[in-house]
Amino acid sequence: MERRLSEWIIRRRWWFIVLLPVMVITLATGMMNLKFAGDYRVFFSKDNPQLQAFDRLEKTYSQDDNVIFLLAPQDGRVFSRETLTAVEDLTKRAWQIPYSLRVDSLTNFQHTEARGDELIVRDLVRNVAHSSDADITRIRDIALAEPLLMGKLISETAEITIVTVTVQLPRIDEMQEVPEVVDAADLIAKEMRASYPHLDIRLTGMVVMTHAFSSVAMDDMGSLTLVSFGVMLVVLLLLLRSAWGAIATLFVILMSILTGLGAGGYLAIPFTPSSASAPLIILTMALANSVHILVIFYQGLVPSAGRAGRRTAMQESLRINLQPIFLTSLTTAIGFLSLNFSEVPPFRDMGNFVAIGIVAAFILSITFLPALMILLPAHGRRLHAENEMMHHFADLVIRNRHWLFRFMVGMVVVLAAFIPRNELNDVFVRYLDESVEFRRDTDLLNEHLGGLYRIDYPLDSGQSNGIHDPGFLREVDAFAGWLRQQPEVTHVNTLTDTLKRLNENLHGDNPEWHRLPDKRDMAAQYLLLYEMSLPYGLDLNNQIDVDKSATRISAIIRVLSTNDILALDRRAQAWLQKNASGLQTEGTGPTMMFAHIGARNIRAMIGGTTLALVLISLILILALRSPKIGLISMVPNLVPAIMAFGVWGIWVGEVGLALSVVTSMTLGIVVDDTVHFLSKYLRARRERGDSPEAAVRYAFSRVGLPLIITTLVLIAGFLIMTFSSFYPNSGMGMLTAIVLGMALIADFLLLPPLLMRLGRN
């Protein structure tokens, strides 16, 4: 069958040369339909319970998307006239940011005090340029004693202050809305730096993070893909020693990428920071297919052969490679399609983009590439030295097969023992490396204040106006007090602090009355009086719901590991269960969403990996026509992931969101080496009647060098991903490269001894 198909492909080569580029160009127009989604919400499916809880929180109170200006005076004094003037100026300018809903700063903090029977509510800082030194000292004393400011807007050392702008994005076209907000904030920051050179002004916040995710992904897709093309061209020239072969392969790669992205555009698959790595993965997989065909083509080419000689050599290369390339393309596509089991939509999208690209690469590598190579000049290269080297290596493996088998089994067992050292951890603010400005600015914020890591606890009284109930308020205050005692928490924002201050104010600013009102009607009157005095944009809608039945406590925490965040939330749930069972709630917000997604994704991917494993096993059993050999093949297909995660446990010890899909993703890729080796082994056993030892030697001589070349190419391709500034992509690239390296070791040092031990029949 392979012979007839290869003959047909060679005969119809002009069809493929003319029609396939036209089809690719037609599909590539779908790239115009690609829509980029960089919001952190894209990591969560619509049925994700943590996202649903967060959506309910934002509908009840207000959106939490924000831009944070961080101000660090060179003299380390926030309470200087110059710095307070700058904060006051920035607070006014911040309202110019599109979609701004609220601006919170040290200067517009609504300070309350009693004046006779009146409650005075006004900005803490007003016209500071004309204030006396005594006024500034008074402002400083008030601010440092205010729990709603310290640790939230002012650092404990009073060296850093922030201005937080809450925005309400329409979320109709975030690709336009987010840059619009960030560009406006950038412009304000530049103007402020020019006006106040003594200030170091940084930008962070959730909207800035979304913009950074998008920018890094787009940069990666452009720069890393171009670098990959350059690196792969050099690798091909070195390995194939043929410029025409390298150029033809680059055509196949480019057409595969265009097909994958264009078809994805027509299918309305969104483009995300994670799926931005799809072109690089398609490039790598397309390259592997082409190398297999070209290496055998050049090996079979008679020196000084004309077009007829090229046709004969290519026909033989196709005959030998059609089945293994089809199997590896099929199993690799299955591996990437299994990512549709993932809880994380961007990984599903990446899997679908790559699966389409792999199918395109398969079709192009067995049709367009052979057709083009027959037309191009080519010189035979017998690779005597390399083949001699593979013969010696095969003899070494055969002579030491018993020792190698025991050594490899022992190494697998030892490395498997280190897998439990891998801790599930997703620190979303560290998804970007330190070369990205947002990461550096956010690290500075977290060092002094925290801010982006926050857990919200919505507390429902169960009745309209229930937040005025003294019993409810005492439970809320007790919970806030417990949170403040936790070492992970840097600040707690709660309505009860405001009520305590109002109670003190309305009792003549007597500190003895700094406690919660003990009557329901008093609490209601205090809040009504206070709310009526608040200016536009500084109401309490971000703390209490419309019918005043619920409030929320916001706990700002240090940057913690996933396990530490979940442990803190479990302690909070336990405290509520024991001390305020009527307030039982769940922590929510982006911090909790990312803390849960890793474990949810692993549980989901167990099903995807299992299905992929079963399908790939059945395919190999049917294709190799041997249940025994098919089952044996799964050993070198599963061992690489076990070994790689063991190495990762020793070297890194953390497995994030992206790394949880590596096993499924690589399962189909590592089959490549195994299928090519086994197909040649079985050909020797069935067609030549060779013994297991002789068949192993034949397999090494026929595919040993191509397997080394393709594995090095695959490793190089995925190692390029490690230069990404987006950690889910760089980490995935590194771990995948380790898996592929382990796969070559397993196929060369474990599979042959296994075949010689079990393959006598």
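Residue numbers (my numbering): 50 to 810.
Positions of the beta carbon are idealized from the N, C-alpha and C atoms, including for glycine.
Nothing here was measured: the structure is a model prediction, and the numbers come from that model.
- Answer yes or no: do Val461 and Met692 have a C-beta to C-beta separation smaller than 8 Å? yes
- Message: With three or more C-beta pairs closer than 8 Å as the rule, is the segment 728-736 touching the segment 320-328?
- Response: no
- Below 8 Å between beta carbons: does that hold for Asn471 and Gly698? yes
- Message: Are the CB atoms of Glu223 and Asp88 within a distance shorter than 8 Å?
- Response: yes
- Message: Contact defined as beta carbons within less than 8 Å: I believe Ala795 pairs with Val688. What is the distance between those atoms, to the nearest angstrom?
- Response: 5 Å
- Query: Mind pulling the alpha helix (DSSP H) runs of 4 or more residues that sit fully within the segment 123-175?
  - Reply: 130-142
- Query: Which residue's Cα is closest to the Cα of Asn542: Asp567, Asn157 and Tyr506?
  - Reply: Tyr506
- Query: Exposed or buried, what is Gln534 when buried is set at 16 or more other beta-carbons lying within 10 Å of its beta-carbon?
  - Reply: exposed
- For Tyr506: DSSP bridge partner residues: Ile602
- Message: Between Asp721 and Thr361, how many whole angstroms is the CB-CB distance? I'm expecting something under 8 Å.
- Response: Rounded, the Cβ-Cβ distance is 26 Å, inconsistent with contact.
- Message: So Tyr480 and Phe767 are supposed to be a Cβ contact under 8 Å. How far apart are they, rounded?
- Response: Wrong, their Cβ atoms sit about 19 Å apart, outside the cutoff.
- Message: By the three-class DSSP mapping on this structure, what secondary structure does Thr253 have?
- Response: strand
- Task: Select from Thr134, Leu673, Asp588 and Asp124 the residue whose C-alpha is nearest the C-alpha of Thr215.
- Result: Asp588
- Task: Work out the CA separation of Thr715 and Ser159 for me, nearest whole Å.
- Result: Looking at the sequence shown, residue 159 is not Ser but Gln. Their Cα atoms are separated by approximately 56 Å.
- Query: Excluding sequence positions up to five away, which residues of its chain have a Cβ less than 6 Å from the Cβ of Ala207?
  - Reply: Val127
- Message: Closer than 8 Å is the cut-off here; do at least three beta carbon pairs connect the segment 737-753 with the segment 671-688?
- Response: no
- Task: Would you check if the distance between the CB atom of Ala707 and the CB atom of Pro777 is smaller than 8 Å?
- Result: yes
- Can you give the beta carbon distance from Phe402 to Gly254, rounded, assuming they're within the 8 Å contact cut? In fact, because the Cβ distance is near 30 Å, the residues do not count as touching under 8 Å.
- Item | Beta-carbon proximity list for Glu365, same chain, < 6 Å, skipping 5 on both sides | Gly349
- From Asn97, Leu76, Ile74 and Phe797, pick the residue whose C-alpha is nearest to that of Arg450; which is it? Phe797
- For Phe214, which residues does DSSP report across the bridge? It is worth fixing the name first, because residue 214 is Val in this sequence and not Phe. Bridge partners of Val214: Val116 and Val152.
- Query: In three-state terms, what does DSSP make of Glu524?
  - Reply: helix
- What are the residues that DSSP puts in a beta bridge with Val538? Ile606
- Item | alpha helix (DSSP H) runs contained entirely in the segment 250-317, provided each spans 4 or more residues | 255-289 and 292-315
- Who are the near neighbours of Val446 in its chain, counting only those whose CB is closer than 8 Å to its CB and skipping five residues on each side? Leu453, Val745, Phe749, Phe797, Leu798, Pro801 and Pro802
- At what residue ranges does the segment 57-102 contain a whole run of the beta strand (DSSP E), taking only runs of 3 or more? none
- Message: If I follow the unbroken alpha helix (DSSP H) through Asp613, where does it start and stop?
- Response: Thr611 to Asn628
- Roughly how many angstroms lie between the CA atoms of Leu413 and Ile504, to the nearest whole one? 51 Å
- Residues in its own chain within less than 6 Å of Gly717 by CB, not counting five upstream and five downstream? Thr380, Thr381, Ile383 and Gly384
- Task: Could you have a look at Thr361 and say whether DSSP puts it in helix, strand or coil?
- Result: helix
- Message: Suppose only complete runs of 3+ residues qualify. What are the beta strand (DSSP E) ranges in the segment 676-759, listed by chain order?
- Response: none
- Query: Roughly how many angstroms separate the alpha carbons of Leu332 and Ile302, rounded to a whole number?
  - Reply: 5 Å
- By Cβ distance, which residues of its chain are closer than 7 Å to Val257, with the 5 residues on each side in sequence left out? Val116, Val231 and Phe487
- Three-state secondary structure (DSSP) of Glu472: strand
- DSSP state of Ile209, grouped into three classes? coil
- Three-state class that DSSP yields for Leu410 in the structure shown: Residue identity differs from the one stated: residue 410 is Ala in this sequence, not Leu. Here Ala410 sits in helix by DSSP.
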